[in-house]
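Residue numbers (mature numbering (1 follows the signal peptide of the UniProt record, and there is no 0)): -20 to -1, 1 to 105.
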């Protein structure tokens, strides 16, 4: 009877599809998406702080933004808190959170969903 072997093959194939890692992309990613950054893969997990000066305000302090991200390299995955514009050592290079959009606006608090994050990696340092 061929039905059980066809069913077993279909179940095995569906298990492979269900456990496949999401495809990494370049350029700004949303929370939970994986960014391919010239070697490492970076997945923003949580916005820790966003005290950036709103674009329509004058501030004494520019503020900062911190994102917790899972960073995967050849040696495994670790979680790092990345501060906007501040390079962090990762593997054989430096990983930087280079932008967060949208910009903050005085009087408005965007929900975490619309945020997009861009990263750069300078290897061989």
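We put the CB at the ideal spot given by N, CA and C, even for glycine. Please read these numbers as outputs of a predicted model, since none were measured by experiment.
> Looking at the structure shown, is residue 60 part of a helix, part of a strand, or coil, going by DSSP?
Replying inline: To locate residue 60, count along the chain shown from 1; it is residue 80. Strand.
> So who's on the other strand from residue 25, going by DSSP bridges?
Replying inline: In the chain shown, the residue the question calls residue 25 occupies position 45. Bridge partners of residue 25: none, in fact.
>> With H, G and I counted as helix, E and B as strand and the rest as coil, what does DSSP make of residue 51?
In response: Within the chain shown, residue 51 is the residue found at index 71, counting from 1. In the structure shown, residue 51 sits in a strand (DSSP, three-state: E or B).
> Quick one: what's got a C-beta closer than 6 Å to residue 30's C-beta in the same chain, skipping five residues either side?
Replying inline: What you label residue 30 is simply residue 50 of the chain shown in a count that begins at 1. 45.
>> For residue -7 and residue 3, what's the separation of their Cα atoms in angstroms?
In response: As a first step, residue -7 must be located in the chain shown, where it is residue number 14. As a first step, residue 3 must be located in the chain shown, where it is residue number 23. Note that residue -7 scores a pLDDT of 48, beneath 50, so its modelled location is shaky and nothing firm can be said.
> Between the region 27 to 41 and the region 77 to 84, do three or more beta carbon pairs fall short of 8 Å?
Replying inline: yes
>> Please classify residue 40 as buried or exposed, where buried requires at least 16 neighbouring CB atoms within 10 angstroms.
In response: If you number the chain shown from 1, residue 40 lands on position 60. Flag for residue 40 reads exposed.
> Is the distance from the Cβ of residue 96 to the Cβ of residue 8 below 8 Å?
Replying inline: Position 116 of the chain shown holds residue 96. Position 28 of the chain shown holds residue 8. In this structure, residue 8 lies closer than 8 Å to residue 96 by Cβ.
>> I'd like the span of the beta strand (DSSP E) that includes residue 9, first residue to last.
In response: The sequence position of residue 9 within the chain shown is 29, counting from 1. Here residue 9 belongs to no beta strand (DSSP E), and DSSP marks it neither H nor E.
> Below 8 Å between beta carbons: does that hold for residue 47 and residue 24?
Replying inline: As a position in the chain shown, residue 47 is number 67, starting the count at 1. As a position in the chain shown, residue 24 is number 44, starting the count at 1. In this structure, residue 24 lies closer than 8 Å to residue 47 by Cβ.
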